[in-house]
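Following: one structure in structure tokens, then a few remarks.
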């Protein structure tokens, strides 16, 4: 995650290094090597992509109709009830028996009294990353209805023709994928092996897990995974992973605190806005101390030795994974966040409640997907700290002493133990909502070398900024910030899953993105790298995320890249903003010229309007207009000042060697703007950059009334800038 304030961000020439701190594998005793660089909630209307396709070409309605016609139960040939659907090695011996819910329970139901976090309990499969995401999903009825469509129609009942077929939907690469499964489930000794509900005759979680396993090729492929991926799969949201140490500004080995509640408020706001949140004590190691503090890396357990310095609560070796700490928390394990709130210590100050402010405690509620093993420290279910809370509030919060896997923790203890938090934001894009609305733009593209050498004009796989010669060959997108009230833009870059439904899991390409502020009137691709105002983490993960805040008015270019040149894959770019930003793909390198638009510009000129020095000084709201041939562009309006300063740039492509530019200074008025004066700039293509002071001539009297300071850069190559 990156938060950037335009105008305050600094940039240093540095080598980009794939980030390993923002992504992690959770809930597994089998590891893959990976390079890796949201009480009840108020309802909110959420608009999500409606494109849908059938996984493996299987149409639920057609298959169900066929089964009903034949009066037979559905058996999925695409995901058969055999070892093929269980293991990577189909020759493995097992005594697993596949049974239908009616063979496990007398009165099977999809849902029993709705959905709740306690409905989802993890089985023997190391997939708490997915089970926790499902627990979080139960807090958002709209999203749950997306993942399990027409649940009432799929439910068992005397008035329904049972066919043993169910359907679920998962979001991938801009569309919802409908996955069909039969209801034959893996059992041993008559009991479900994998995900199950604590209510014995409820089966939605077990069937949902089966559909997810089908999407991943087999059940074994669900062992170990990334929280952000699971959250995105069940929500179509924007998933980011927050490293607690990094967010709060602590180094790797420090004890973390959140004294001003900044992270608490961030999570509280996200949860109240329907985000799905999962927290974890991540599986990582710390390498030896280095001066650069770059010591967090992903790892393979066989190479772990005692010579490494580790955080006390992180998993240190393979045997430590999913083992309990003394406090009851489990290492290498994911927990769904089911509440983030303040509680009033109203019982503690009961006798003084009319004379003083009631003390409040920051708290978070978590759900262990195992359905057991809870926090046993301060504020545990039977802890004496709860005597400080009145009975009415405790009842409203649902405080129990049951070992159901759900528990409250004080915030200071949470940030002490938990290392990573995956937050999946679901942005409200509906026009018919009273909540804050975001405008969404979606682009599909690809990094491709197009059969040419790196850096050639047709190359669209230029790599990151480390490769300056080819960096600008990447796809480019522009967007505008038009209002100066704190421009906010959220960007998500997602690469396509190349092995959907396959047992073979290909590693992701390492991806990232840069945002650069460019000339106000730029309509074509940039050809020289500009210092970025923001850069995302580079990660070998499905998605990376960038949050820009307080952006200045102007035009920006967004460049998504792979880490290295010539890496080729498809990507999807999603841009969210509370205001219109008009994002657009930049296709052309330079404009065409002439009547028929058949000739190319031969040179390029960049003009930077620095400021205006007026002889008769008075305070005014001012802006500049730059005219050249038929083109006209303007700066922003300054605050009321005697000395207007802009520092804004404009770019012009031409065929002629000598060019004339008119720079007009205007006073912004309520009724009709007033032209103060003009300056004339005669530009010469001299492949140089220089600063000049131009006479500012009054429009009415034609007298000199000050100076316009500009910087001009002119080059005889239209694709130089």
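Residue numbers (UniProt numbering): 1 to 721. Glycine included, every Cβ here is placed at the ideal spot set by N, Cα and C. Note that the structure is predicted; figures quoted are calculated from it, not measured.
Asked                                                                                                                                                                                                : Found
Taking the straight line between their C-alpha atoms, what separation do you get for residue 590 and residue 678?                                                                                    : 29 angstroms
Taking 8 angstroms as the cut-off, does the region 390-398 touch the region 242-261 (at least 3 CB pairs, one atom from each stretch)?                                                               : no
In chain order, what are the residue ranges of uninterrupted alpha helix (DSSP H) at least 4 long that sit wholly in the region 89-165?                                                              : 101-104, 128-137, 141-147, 151-154
Give every residue of the same chain whose Cβ lies closer than 7 angstroms to the Cβ of residue 529, excluding the five residues on either side of it in the sequence, and list them in chain order. : 465, 468, 471, 472
Which stretch, first to last residue, makes up the alpha helix (DSSP H) that contains residue 266?                                                                                                   : 262-272
Measuring alpha carbon to alpha carbon, tell me which of 173, 667, 429, 539 ends up nearest residue 624.                                                                                             : 667
Would you give the residue range spanned by the beta strand (DSSP E) that residue 198 belongs to?                                                                                                    : No beta strand (DSSP E) holds residue 198; DSSP gives it neither H nor E.
Whole-angstrom Cβ separation of residue 711 and residue 691, contact assumed at under 8 angstroms?                                                                                                   : 5 angstroms
With a threshold of 7 angstroms on Cβ separation, who are the neighbours of residue 256 within its own chain once the five nearest residues in sequence on each side are excluded?                   : 244, 245, 248, 250, 415, 416
If contacts are defined as beta-carbon pairs under 8 angstroms, then residue 332 and residue 372 qualify, I think. What distance do you get, rounded to the angstrom?                                : Going by Cβ atoms, the distance from residue 332 to residue 372 rounds to 17 angstroms, so no, they are not a contact pair.
Do the CB positions of residue 232 and residue 499 come within less than 8 angstroms of each other?                                                                                                  : no
Grab me the residues of residue 559's own chain with a C-beta within less than 6 angstroms of its C-beta, minus the 5 sequence neighbours each way, in chain order.                                  : 474, 476, 514
At 3 residues or longer, what runs of the beta strand (DSSP E) sit wholly inside the region 513-565?                                                                                                 : 543-551, 554-562
Which whole-angstrom value describes the C-beta separation of residue 223 and residue 126, a residue pair presumed to lie in contact below a C-beta threshold of 8 angstroms?                        : 4 angstroms
If you count every other CB in all the chains shown that lies within 10 Å of the CB of residue 601, and 16 or more means buried, which is it?                                                        : buried
Compute the Euclidean distance between the alpha carbons of residue 383 and residue 109, then round it to the nearest angstrom.                                                                      : 36 angstroms
Determine which residues share a DSSP beta bridge with residue 490 and list them.                                                                                                                    : 547, 576
Tell whether a beta-carbon distance below 8 angstroms holds between residue 683 and residue 715.                                                                                                     : no
Can you check which of these residues, 230, 411, 392, 347, is closest to residue 364 by C-alpha distance?                                                                                            : 411
Within a Cβ cutoff of 8 angstroms, which residues of the same chain sit near residue 254, ignoring the five residues on either side of it in sequence?                                               : 245
Taking the beta strand (DSSP E) that residue 723 belongs to, which residues open and close that run?                                                                                                 : The structure shown does not extend to residue 723, since the chain is modelled only from 1 to 721, so the question has no answer here.
Since residue 490 and residue 238 are thought to touch, with beta carbons under 8 angstroms apart, how far apart are those beta carbons, to the nearest angstrom?                                    : 6 angstroms
Assuming residue 706 and residue 612 form a contact by the criterion Cβ under 8 angstroms, report the distance between their Cβ atoms to the nearest whole angstrom.                                 : 6 angstroms
Any idea which residues DSSP pairs residue 684 with across the strands?                                                                                                                              : 658
For residue 497, which residues of its own chain have a beta-carbon under 8 angstroms away from its beta-carbon, when the five flanking residues on both sides are left out?                         : 172, 173, 542
I'd like the list of long-range same chain contacts for residue 344, defined as Cβ closer than 7 angstroms, with 5 residues on each side in sequence excluded.                                       : 358, 360, 393
Quick one: Cα of residue 376 to Cα of residue 388, how far?                                                                                                                                          : 18 angstroms
Counting along the chain, where does the alpha helix (DSSP H) carrying residue 416 start and finish?                                                                                                 : 411-417
Taking 8 angstroms as the threshold (C-beta atoms), are residue 461 and residue 566 in contact?                                                                                                      : yes
Pull up the CB-CB distance for residue 195 and residue 122, whole angstroms please, since I reckon it's below 8 angstroms.                                                                           : 6 angstroms
Restricting to Cα atoms, I'd like to know which of 450, 418, 631, 652 is closest to residue 524.                                                                                                     : 652
Among the residues of its own chain, which have a CB less than 6 angstroms from the CB of residue 708, if the five just before and after it don't count?                                             : 612, 663, 679, 694, 696
With DSSP run on the structure shown, which of helix, strand or coil describes residue 712?                                                                                                          : strand
Closer than 6 angstroms by C-beta to residue 698: which residues in its own chain qualify, once you throw out the five before and the five after it? Chain order, please.                            : 677, 705
Please report how far the alpha carbon of residue 351 lies from the alpha carbon of residue 228, in whole angstroms.                                                                                 : Here residue 351 scores only 49 on pLDDT, less than 50, and its place in the model is too uncertain to base an answer on.
Okay, do the region 629-637 and the region 578-587 touch, 3+ Cβ pairs below 8 angstroms being the bar?                                                                                               : no
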